[in-house]
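Enquirer:
There are 2 protein chains.
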Amino acid sequence: MSDFNERFSQYAAEFEAVLESFCSKLDCRPQILADSMKYSLTAGGKRVRPVMMYAAGGLLSVPREELDNFALATELIHTYSLIHDDLPEMDNDDFRRGKPSNHVVFGAGNAVLAGDALLTTACSMLVRECYKGAAQISAAEFLLDCAGIYGMIGGQSADLLHENDPTCDEKTLGFIYLNKTAKMLTAPLVIPSVLAGGKYYSELKLFGENIGALFQLTDDILDFKGDFSELGKSTGKDEREGKCTAVALFGADGAELRADMLGDKCLKILEGIEGDVSFFKELVMRVRTRRA
Amino acid sequence: MSDFNERFSQYAAEFEAVLESFCSKLDCRPQILADSMKYSLTAGGKRVRPVMMYAAGGLLSVPREELDNFALATELIHTYSLIHDDLPEMDNDDFRRGKPSNHVVFGAGNAVLAGDALLTTACSMLVRECYKGAAQISAAEFLLDCAGIYGMIGGQSADLLHENDPTCDEKTLGFIYLNKTAKMLTAPLVIPSVLAGGKYYSELKLFGENIGALFQLTDDILDFKGDFSELGKSTGKDEREGKCTAVALFGADGAELRADMLGDKCLKILEGIEGDVSFFKELVMRVRTRRA
């Protein structure tokens, strides 16, 4: 347990240094553009994706410096998606990680641009990685596929479409979980695999998809029963907005049961991987029982 | 003159075929995501950027098939920027090219996602080009720099910032023109140069920056004096919204004079390029005297 906390903190701290270096070099004009990008990048994210990437890199012996820009690009893409998702016309959330959302601080116009800026900067970073070789190109391609229309954006679109949709069923919910959330949690595991020549590619991809779905499932449970002070964002929104969630479809108990089953599935997948997967095992437990 | 029209139509038609093929393969879920992307992609754009890229490719003898994906990525990025720019919190325009804006048809949430989707898809396309070699990577890098925080997004941010700013001066205006508009008109000329080993790189870059500024300058003039039926979008908005434009700074006559001078500069730059630049010469005249 404490070993997990130490390793998580260590990975997160290493990523913070990479991010800090990136932010310190961000000197674009006008100032409000750089400020709005940095605001959301440094607004207390848990750095789950970079941590997962570093942990997978450790498992597969990928040198850290080969991962840094991919970790950064992943976090930039994740952050842009939160900024756009919080916009009034999207999920309409004025709080994120206990702080005012980007659009509350900088206005909706600047928030749209801050999101566009983070995404474009991530893509520039990925293209520059491509000079290093075909493995990097494949890794960049995988990440953008996870972030794009056959991944995260498809999931967000479906999420929006099925608000207040009484016909929303388990199949649709599975599509939303996989695409909106799980794919961007799969990329951090698959990228090190691609850079390591495809080692444990299928296992890590499957694990990512399942722990990603578990992440969204527990998110929905927390939205239902969590409280603002622990979560740092509004709760009870899913129900008010008629979102298609596991809680809406199966009730709170049904959602909890499904989370248990998904957790078991994650652990089962890890059995197929040789080497020290204790960090990922513990991660499954933490995601399953998280309160924030 | 008629030779210009023929060549423009020919290039545009060739690009339409490329775009049509792209659209026909776009089968992402949910349907509204694909529909909203296609709506703006096929809503009557003039295809200025692809046409310029094909014309520059012709000048430098770059095979057409090497340009198609770059032309497509450029048009996708341009289209995403229009969708986000038209949003209520940005430029707030309900019409684009004579048709209702994306957010009017699909709602603001879907419009945000359609823009994100076009940008991410363009980036995926660019990364896949990178397998072909270092020249393609450089070309992709150049395009994303033009589209990013040191290019278009920086210009849009400055444009937003200086609304109703009485201190906006010629230097700021130059920054907005160069970044908001000119850089994305420079990329179509520089990309063929990069693919041709850097031939006429400086000349084409400089020409792009200047014809791009001329494009924005005439856009501002048209916003001031044009009419909706010819333009297909609202007019008089710049003044109502206190935009920093050449008309606001120098008056209508001063803006016209500057447009003449910029046009002359463009023609002067073309003198430094050997080969048939007649298409670009005529393009300068058309941009200078355009009514839509």
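Here the protein sequences come in this chain order: A and B. Under our numbering, think of the first position of the first sequence as 6, with each following residue one higher. Under our numbering, think of the first position of the second sequence as 6, with each following residue one higher. Don't be surprised by glycine CBs; every beta carbon is placed ideally from N, CA and C. As the structure is a computational prediction, the values presented were derived from the model and not from experiment.
Please report the residue range of the alpha helix (DSSP H) in which P55/B lies.
Expert: For the purposes of this step, residue 55/B is taken as residue 50 along the second sequence, with counting starting at 1. Element bounds for P55/B: 53-64.
Enquirer: Return no unless some Cβ of chain B is closer than 8 Å to the Cβ of F180/A.
Expert: As a first step, residue 180/A is located in the first sequence; it is residue number 175 there, counting from the start. At least one chain B Cβ lies under 8 Å of F180/A.
Enquirer: Any idea which residues DSSP pairs K104/B with across the strands?
Expert: Along the second sequence, one-based indexing puts residue 104/B at 99. Its beta-bridge partners are R101/B.
Enquirer: Measure the Cβ-Cβ separation of G237/B and R102/B and say whether it is below 8 Å.
Expert: One-based indexing of the second sequence puts residue 237/B at position 232. One-based indexing of the second sequence puts residue 102/B at position 97. Yes, Cβ-Cβ distance for G237/B and R102/B is below 8 Å.
Enquirer: Is it right to say E80/A is buried, meaning 16 or more other beta carbons lie within 10 angstroms of its own, or is it exposed?
Expert: Along the first sequence, one-based indexing puts residue 80/A at 75. With 16 or more other Cβ atoms within 10 Å, it is buried.
Enquirer: For a cutoff of 8 Å on Cβ pairs, would you count Q221/B as touching chain A?
Expert: Position 216 of the second sequence, counted from the start, is the residue given in the question as residue 221/B. For Q221/B, the answer is no, since every Cβ of chain A falls outside 8 Å of its Cβ.
Enquirer: Please classify T172/A: is it buried, with 16 or more other beta-carbons within 10 angstroms of its beta-carbon, or exposed?
Expert: Position 167 of the first sequence, counted from the start, is the residue given in the question as residue 172/A. When all chains shown are included, T172/A counts as exposed.
Enquirer: Would you kindly work out how many angstroms separate the C-alpha atoms of A257/B and I274/B, rounded to a whole number?
Expert: Counting from one through the second sequence, the residue named residue 257/B turns up at place 252. Counting from one through the second sequence, the residue named residue 274/B turns up at place 269. Distance between the alpha carbons of A257/B and I274/B: 26 Å.
Enquirer: Buried or exposed: where does S106/A fall if 16 or more other Cβ atoms within 10 Å of its Cβ makes it buried?
Expert: Sequence index remark: in the first sequence, residue 106/A carries index 101 (1-based). That one is buried.
Enquirer: Could you tell me how far apart the beta carbons of N184/A and A163/A are, in whole angstroms, since I believe they sit closer than 8 Å?
Expert: Against the first sequence, residue 184/A aligns to sequence position 179. Against the first sequence, residue 163/A aligns to sequence position 158. Between A163/A and N184/A the Cβ distance is about 7 Å, and since that is below 8 Å, they are a contact.
Enquirer: Over what stretch of residues does the alpha helix (DSSP H) that includes V292/B continue unbroken?
Expert: The residue you call residue 292/B lines up with position 287 of the second sequence. First-last of the alpha helix (DSSP H) with V292/B: 283-294.
Enquirer: Hey, L131/B and L148/B: beta-carbon distance below 8 Å or not?
Expert: Within the second sequence, residue 131/B is the residue found at index 126, counting from 1. Within the second sequence, residue 148/B is the residue found at index 143, counting from 1. Taking 8 Å as the Cβ cut-off, L131/B and L148/B qualify as a contacting pair.
Enquirer: May I ask which residues mark the beginning and end of the alpha helix (DSSP H) holding N169/A?
Expert: Along the first sequence, read from residue 1 onward, the residue named residue 169/A stands at position 164. From DSSP, N169/A is part of no alpha helix (DSSP H); its letter is neither H nor E.
Enquirer: Once DSSP output is grouped into helix, strand and coil, what is the label at A201/A?
Expert: Numbered from 1 along the first sequence, position 196 holds the residue referred to as residue 201/A. It is coil, neither helix nor strand.
Enquirer: List, in chain order, every chain B residue whose beta-carbon is nearer than 7 Å to that of H136/A.
Expert: What you label residue 136/A is simply residue 131 of the first sequence in a count that begins at 1. Reading off the sequence, residue 136/A comes out as Tyr, not His. Near Y136/A (Cβ distances below 7 Å), the residues of chain B are A139, I142.
Enquirer: Helix, strand or coil for T47/A? Go by DSSP, reduced to three states.
Expert: Translated into the one-based positions of the first sequence, residue 47/A becomes position 42. In the structure shown, T47/A sits in coil (DSSP, three-state: anything other than H, G, I, E or B).
Enquirer: Given that a residue counts as buried once 16 or more other Cβ atoms are within 10 Å of its Cβ, and exposed if not, what is K248/B?
Expert: Position 243 of the second sequence, counted from the first residue, corresponds to residue 248/B. Counting Cβ neighbours within 10 Å, K248/B comes out buried, since at least 16 surround it.
Enquirer: Kindly indicate which residue of E71/B, F20/B, K270/B, E25/B has the alpha-carbon position closest to the one of S198/B.
Expert: Counted from its first residue, the second sequence places residue 198/B at position 193. Minimum Cα distance to S198/B is reached at E71/B.
Enquirer: May I ask you to list, following chain order, the residues of the region 70-102 of chain B that have a beta carbon less than 7 Å from some beta carbon of chain A?
Expert: So the close ones are H89, L92, E94, M95.
Enquirer: Alpha carbon to alpha carbon, how far is G262/B from L24/A?
Expert: The count along the second sequence starts at 1 and reaches residue 262/B at position 257. The count along the first sequence starts at 1 and reaches residue 24/A at position 19. Position check: residue 262/B holds Leu in this sequence, whereas Gly was assumed. Going from the Cα of L262/B to the Cα of L24/A covers about 47 Å.
Enquirer: Which residue from G112/B, V56/B, A48/B puts its Cα closest to that of A18/B?
Expert: Looking up residue 18/B in the second sequence gives position 13. The shortest Cα separation from A18/B among G112/B, V56/B, A48/B belongs to V56/B.
Enquirer: So what does DSSP say about S239/B, is it helix, strand or coil?
Expert: Residue numbering aside, residue 239/B sits at position 234 when the second sequence is read from its first letter. Coil, per DSSP.
Enquirer: Cutting at 7 Å between CB atoms, please list the residues of its own chain near T191/B, excluding the five before and the five after it.
Expert: Here residue 191/B is taken as the residue at index 186 of the second sequence, counted from 1. These residues qualify, in order along the chain: C151, K210, G213, E214, G217.
Enquirer: Would you mind telling me which residues of chain A sit closer than 9 Å to V195/B, beta carbon to beta carbon, in chain order?
Expert: Locating residue 195/B in the second sequence gives position 190, where the first residue counts as 1. Within 9 Å Cβ-Cβ: nothing; V195/B doesn't reach chain A, min ~15 Å.
Enquirer: Using a Cβ cut-off of 8 Å (strictly closer), state whether I278/B contacts chain A.
Expert: Sequence index remark: in the second sequence, residue 278/B carries index 273 (1-based). Answer no: the Cβ-Cβ gap between I278/B and chain A never drops below 8 Å.
Enquirer: Rounded to a whole number of angstroms, what is the C-alpha to C-alpha distance between D281/B and E287/B?
Expert: Locating residue 281/B in the second sequence gives position 276, counting from the first residue. Locating residue 287/B in the second sequence gives position 282, counting from the first residue. So the alpha carbons of these two residues sit roughly 12 Å apart.
Enquirer: Let's see if you can read the secondary structure: which residues bound the alpha helix (DSSP H) around L87/B?
Expert: The count along the second sequence starts at 1 and reaches residue 87/B at position 82. Here the alpha helix (DSSP H) through L87/B covers 69-91.
Enquirer: Use the C-beta contact count for Q161/B: other C-beta atoms within 10 angstroms, 16 or more gives buried, fewer gives exposed.
Expert: Translated into the one-based positions of the second sequence, residue 161/B becomes position 156. By the 10 Å Cβ count, Q161/B comes out buried.
Enquirer: Check distances from the C-beta atoms of the region 105-116 of chain A to those of chain B and list, in chain order, the residues that come in under 9 Å.
Expert: Going along the region 105-116 of chain A in chain order, one finds H108, G112, A113, G114, N115, A116 with a Cβ nearer than 9 Å to chain B.
Enquirer: Quick one: does V67/A have its CB under 8 Å from some CB of chain B?
Expert: If you number the first sequence from 1, residue 67/A lands on position 62. Cβ-Cβ to chain B under 8 Å: no for V67/A.
Enquirer: By the criterion of Cβ-Cβ separation under 7 Å, what are the contact partners of C128/A in chain B?
Expert: Your numbering for residue 128/A matches position 123 in the first sequence. Those are C128, L149, listed as they occur along chain B.
Enquirer: Along chain A, in chain order, which residues have C-beta atoms closer than 8 Å to that of Y59/B?
Expert: Translated into the one-based positions of the second sequence, residue 59/B becomes position 54. In chain order: nothing, as chain A lies at least about 23 Å away.
Enquirer: Residues of chain A with CB under 8 Å from Y155/B, in chain order?
Expert: Reading the second sequence from its first residue, position 150 is the one you call residue 155/B. Within chain A, the residues near Y155/B are C33.
Enquirer: Please go through the same chain and pick out, in chain order, the residues whose beta-carbon is closer than 8 Å to the beta-carbon of A297/B, but skip the five residues on each side of it.
Expert: For the purposes of this step, residue 297/B is taken as residue 292 along the second sequence, with counting starting at 1. Excluding residues within five positions, the ones whose Cβ falls inside 8 Å are L227, G231, E235, L236, G237.
Enquirer: With distance defined between alpha-carbon atoms, name the residue in L222/B, Y59/B, G153/B nearest to G259/B.
Expert: Taking the first residue of the second sequence as 1, we reach residue 259/B at position 254. Ranking the options by Cα distance to G259/B, first place goes to L222/B.
Enquirer: Name the chain B residues that come within less than 9 Å of V199/A, Cβ to Cβ?
Expert: Position 194 of the first sequence, counted from the start, is the residue given in the question as residue 199/A. The contacting residues do not exist; V199/A stays about 13 Å from chain B at best.
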